[in-house]
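Using my numbering, you'd call the opening residue of the sequence shown number 2 and step up by one each time.
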Amino acid sequence: MDNTNYNSMFSSYPDVVNFTQMKEMLGNIGSTLAYKLLRKNLIKSIKIVRAYKIPKNNIIEF
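See the structure below:
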């Protein structure tokens, strides 16, 4: 898979994004769908206390 275009498209985002940034990257999807993607592990993330940390590459791969 060629991620070059996506990497340049999301270059303004840090390497690890938060929940709100992930929603923006996916076209401003709703919170319910975003939480569902994370809970079902369709987008791999790390949950620290109550905050999700999502590597940008995981969103691009999704």
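A virtual CB, placed ideally from N, CA and C, is assigned to each residue, including glycine.
Residue environment, residue i, which counts as buried when at least 16 other CB atoms sit within 10 Å
i, result
"alanine 52", "exposed"
"methionine 23", "buried"
"leucine 43", "exposed"
"methionine 26", "buried"
"isoleucine 55", "buried"
"valine 50", "exposed"
Alpha-carbon to alpha-carbon, residue j and residue i
i, j, result
"asparagine 29", "alanine 35", "9 Å"
Short Cβ contact (7 Å threshold) for residue i with residue j
i, j, result
"lysine 45", "asparagine 58", "no"
Which residue spans inside the region 28-58 form an unbroken alpha helix (DSSP H) run of at least 4?
Whole alpha helix (DSSP H) segments, 4+ residues: 32-40.
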